[in-house]
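Inspection log for the structure reproduced underneath, given as structure tokens.
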Amino acid sequence: MIRRKINQEHPGPGMERRDFLKASIAASGGLLIGFHFPGITALASAQQSSPNTFMPNAFVRIGTDERVTVIVNHSEMGQGVYTSLPMLLAEELDADWTKVGFEPAPVDPKYNHPAFGMQMTGGSSSVWSGLEQFRQAGATARAMLIAAAAQQWNVDASACRTESGAVLDGSNQKLTYGHLAAAAAKLTPPEHVQLKDPKTFKLIGKPIKRLDTPAKLNGKAEFGIDVKLPGMLTAVIARPPIFGAKMKTFDDARARSMPGVRKIVAIPAGVAVVADTFWQAKVARDALRIEWDEGSMQTFDTGKMMQDFRERAKSPGSSVRKDGDVESAFASAAKKIEAVYEVPYLSHLMMEPLNCTVDLRADSCEVWTGSQFQTVDRANAAKIAGLPPEKVQLHTTFLGGGFGRRANPQSDFVVEAVHVAKAAGVPVKVIWAREDDMAGGWYRPAFLHAIEGGVDASGNAVSWRSRLVGQSIMAGTPFAAAMMKGKAYDPASVEGVDDLPYAIPNIAVESHQAEVNVPVQWLRSVGHSHTAFAVECFVDELAALAQKDPYQFRRALLQKQPRHLGVLDLAAQKAGWDKPLPKGVGRGIAVHFAFGSYSAHVAEVSVTDGRVRVHRMVCAIDCGEYVNPGIIAAQTEGGAIFGASAALFQELTFESGRLQQTNFHTFPVLRMNECPEIETHIVENHEKSGGIGEPGVPCAAPAIANAIFAVTGKRIRRLPIRMTEAV
Amino acid sequence: MTGFSINGKRVDLDVDPSTPLLWVIREQLGLTGTKYGCGMAQCGACTLHINGEAVRSCVAPVSRAEGKAITTIEGLSPDLSNPLQRAWLEEDVPQCGYCQSGQLMSAAVLLRDKPKPSDEDIDEAMTGNICRCGTYPRIRRAIHRAAEMVAKGGAR
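Chains as they are written, first to last, in my numbering: chain S, 1 to 727; chain X, 728 to 883.
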């Protein structure tokens, strides 16, 4: 039932929902848990609760002190789930918003993602997947509070209403939820509850301020790196300098004698130095002398790899999509063009480097970390601890950025911390230095798109063939079996080009899967982070070939795609597409569908002495019915900046197997003085809700690149943008 | 022994004088609001004040604090009443929040030195503070808003 519903919600051609869903069925052994609150009783002792506390389901607790605590099963990594999900529940509960708080959920199947079958945060899915769940939870609680009041007043429940944390009767007698909590706790949850008519919403749809802001302004918000336990030591690990290298021997004579060092131990991840403090551990770690068997990757070079990719793109790949006859259409096109687009490996580069704290006992294990992958992390920790997963408690802290990195299919940063704790015999926090974090792998894979297309004599696009070369992200993840079943390609590699929305009669999409021993992973917007760049730049190239305005050219090809058209028009109109710009400034446009939402950006860019400056970005977003427009604007702006950082600056390269970038000076992030003015315009409609954490990213790079063409006449075909490489 | 005052309290510590101040205040003093991001004064997450000046504490040896007055995010105000904190609340600035202590501490020095900062002043003062979530537009608005509050006689 859930499956059908999700598919109805997202009838778009994007692969991610459908396939994730199938994947989740496989990953959970056929178990797909949809929540129906009635019947879920109060949580066990893990959550502090007294007989007077009202906890009608796993998602809300109301105390006699009037506090409404919403238990959130998704991780807060900046995207606002500790606000938007409580809003859903509080709306149906008619809670007094000033009394609403949040609490991260413990790991429990009750808190599994309703679509993906495990507890996790990703795929821009928290809000759309939680809509029903959190509203139902609030409505159930409200019905029980009304029943408790009605009992007390000896009136019919239908004579009661609720308002701002209280039940009222026809004569405006009033009982607050705190007063009713104890009585409501004794009642049985109703089987069915009526959800509100959206017209009556008081919270949903409003730019409600985030609940987690105060704690983030006075140092009180606890991130994983801030966790402190009694008797805890801190560890820093020397990991292999080359992927796949194995340790032969290590000499710790110097390191061992350094102050504060308690233990130095080889673990599968490398050599861990355990000390009283981080700095002592790091200094001693840097003093280790380790001999590595460098393995087959010691000759790895990203320049050579891209050459190989270019060679592979000359031959046909596995067919992903085939409409019409691309070859003959291309052969007979009046004008044609071929272009090769390349993007590099990227690091997630969360501001908070990876870390994990573990307290391992004989029959229990507690883990504190900023996780996006609780079910997987707990299971992997349990294996190393030698305990059943139920004996492992994973506490989700605030995440100082996630962007996908903290949903690691092998739980790398958790597993190694359990190993260290096992060896140390005391609670240990493992902290990755920034350089460790950057060199640690699990990057956005490098990709190459070879595209050829043609237009007829009237300038109509007649053919498009995309060939992609790059590593699979899904291979080796819990989603691989289901997502890649029966396919010779990884859907996540081609998402965003397989569903090319333009009305072109002949389209072929082919994929070459590259096997490279660099660990890769989903990074904010996943495949869309490169497909939108290639696709939207090439559409622009076709428009130029047809001698048409790039906005109007797209419009003409999107006549049957109303929501693409909606954001495209909105962005163009708000940007003043047809208005003149100052001399030396160019405008570029891009539109893309990803994670259930439609996005378009217009960028205004100048180029001076080879230096690219983005002055303004106008973003339009259509994520269907939305919950918090303030958060949507923040995610859209942040996504545009994230995309612009990658477009302008970011690249990981390898020489002789060694990563050449180490820290923010060699892998830069856009800074305040480089930040454009950004405005976000939200499409108002009643379509099903889509995601918002990722859809703001993909359009940034192509909008900027297309603006560069508008002002310089030069095409950008490789990221990061370097004017010396423009053609 | 190294001695200094932190958020108005005098502390004396027996610590290797070359240890970065950041780790001393996070680990020895338990003030974890100041964050580690890069260890090389690139990102600004560790920004605090030594005698009123913004310092990247990840590269400042603790010996540099000897006899001085340090203020960290925990000491900016006891109750979120600093105009910058109020403006940050009104603009709903933070996303993940990890960099915001450093952003606020840099902005505090800016606002003290330039009570009515221009956009260029903001660029200059804030460019050393990276935000990976991309809250820059809101930070800029919040700084202007805080300046207005101060101009209208808001408490400092």
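Yeah, the Cβ is synthetic: ideal placement off N, Cα and C, and Gly gets one too.
Give me the chain X residues within the contact set of residue i, using Cβ-Cβ distance strictly less than 9 Å, ordered along the chain.
i	result
Met120/S	Ordered by position in chain X, no residue passes the 9 Å Cβ test against Met120/S, which lies about 17 Å from the chain.
Phe223/S	Thr759, Lys762, Cys823, Gly824 and Tyr825
Phe398/S	Cys823, Gly824 and Tyr825
Quick check: what's the CA-CA separation for residue i versus residue j?
i	j	result
Ser411/S	Gly295/S	23 Å
Gln375/S	Lys736/X	Here residue 375/S is Thr; the residue named in the question, Gln, does not match the sequence. Approximately 44 Å, taken between the alpha carbons.
Ile589/S	Cys823/X	29 Å
Asp96/S	Arg142/S	12 Å
Ala269/S	Val418/S	11 Å
Asn809/X	Gln635/S	26 Å
Leu558/S	Pro698/S	18 Å
Thr302/S	Asn355/S	28 Å
Val283/S	Met232/S	18 Å
Pro106/S	Leu394/S	7 Å
Arg254/S	Gly630/S	54 Å
Val669/S	Pro519/S	22 Å
Leu816/X	Val877/X	15 Å
Val727/S	Asp609/S	16 Å
Phe642/S	Arg859/X	7 Å
Ala646/S	Ile708/S	16 Å
Gly205/S	Ile71/S	21 Å
Ala439/S	Ala768/X	19 Å
Counting only beta-carbon separations shorter than 8 Å, does residue i have a partner in chain S?
i	result
Leu831/X	yes
Glu780/X	no
Ser732/X	no
Glu801/X	yes
Arg868/X	no
Pro722/X	One cannot answer for residue 722/X here, as it falls past the ends of chain X, which runs 728 to 883.
Pro747/X	yes
Met876/X	no
Leu807/X	yes
Asp840/X	no
Name the chain X residues whose beta carbon is nearer than 7 Å to that of residue i?
i	result
Asn663/S	Cys765, Met767 and Gln769
Pro259/S	Asp743
Leu349/S	Arg859
Ile678/S	Pro864
So which residues of chain X does residue i contact, with C-beta pairs closer than 8 Å?
i	result
Val602/S	Here the premise fails: no neighbours, minimum Cβ distance about 16 Å.
Val612/S	Simply none; closest approach about 17 Å.
Ser68/S	Correcting the residue type first, residue 68/S is Val in the shown sequence and not Ser. The premise fails here: Val68/S is roughly 21 Å from chain X at the closest Cβ pair, so nothing lies under 8 Å.
So residue i contacts chain S; which residues on that side make the cut at Cβ distance below 9 Å?
i	result
Glu793/X	Under the 9 Å cutoff, chain S gives no residues; its nearest Cβ is about 18 Å from Glu793/X.
Thr774/X	Within 9 Å Cβ-Cβ: nothing; Thr774/X doesn't reach chain S, min ~12 Å.
Is there a C-beta anywhere in chain X that falls below 8 Å from the one on residue i?
i	result
Pro106/S	no
Leu719/S	no
Ala27/S	The predicted position of Ala27/S is uncertain, since its pLDDT is 36 and thus under 50; a value taken from the coordinates is nonetheless stated next. Cβ-Cβ to chain X under 8 Å: no for Ala27/S.
Asp359/S	no
Gly641/S	One point to set straight first is that residue 641/S is Ile, not Gly, in the sequence displayed. Yes, because at least one Cβ of chain X sits closer than 8 Å to the Cβ of Ile641/S.
Lys22/S	Because the pLDDT at Lys22/S is just 38, under 50, the model does not fix this residue reliably, and the value given afterwards should be weighed accordingly. Not an interface residue.
Gly630/S	yes
Asp226/S	yes
Ala571/S	no
Which chain S residues are close to residue i, counting only those with a beta carbon under 7 Å from its beta carbon?
i	result
Cys860/X	Gly78, Gly401 and Gly638
Glu754/X	Thr277 and Phe278
Ser828/X	Gly219
Thr854/X	Arg671, Met672 and Asn673
Is any heavy atom in the ligand PLP found nearer than 7 Å to the beta carbon of residue i?
i	result
His113/S	This structure does not include the ligand PLP; it has no bound ligands of any sort.
Can you pull the chain S neighbours of residue i, defined as C-beta to C-beta under 8 Å?
i	result
Asp850/X	Met672 and Asn673
Leu816/X	Lys209, Thr213, Pro214 and Leu217
Check whether the region 259-269 of chain S and the region 437-449 of chain S touch, using three or more Cβ-Cβ pairs below 8 Å as the test.
no
Below 8 Å, how does it come out for the region 174-189 of chain S and the region 762-777 of chain X: are there three or more Cβ pairs, yes or no?
no
Quick one: any contact between the region 334-347 of chain S and the region 410-428 of chain S, if contact means 3 or more CB pairs under 8 Å?
no
Could you tell me which whole alpha helix (DSSP H) segments of length 4 or greater appear in the region 440-492 of chain S?
480-483
Write down every uninterrupted run of the alpha helix (DSSP H) in the region 794-843 of chain X whose length is 4 residues or greater and which is fully enclosed by it, in chain order.
810-818 and 827-840
Meets three-Cβ-pair contact criterion under 8 Å: the region 317-327 of chain S and the region 525-538 of chain S:
no
Can at least three beta-carbon pairs, one atom from the region 654-667 of chain S and one from the region 233-253 of chain S, be found at a separation below 8 Å?
yes
Does the pairing of the region 345-353 of chain S with the region 401-410 of chain S give three or more beta-carbon distances under 8 Å?
yes
Could you say if the region 59-67 of chain S and the region 130-141 of chain S meet the contact criterion of at least three C-beta pairs nearer than 8 Å?
yes
Within the chosen definition, does the region 270-281 of chain S reach the region 741-754 of chain X through at least 3 CB pairs nearer than 8 Å?
yes
Counting only runs of 3+ residues fully inside the region 222-277 of chain S, write out the beta strand (DSSP E) ranges in chain order.
233-238, 246-251, 261-267 and 270-275
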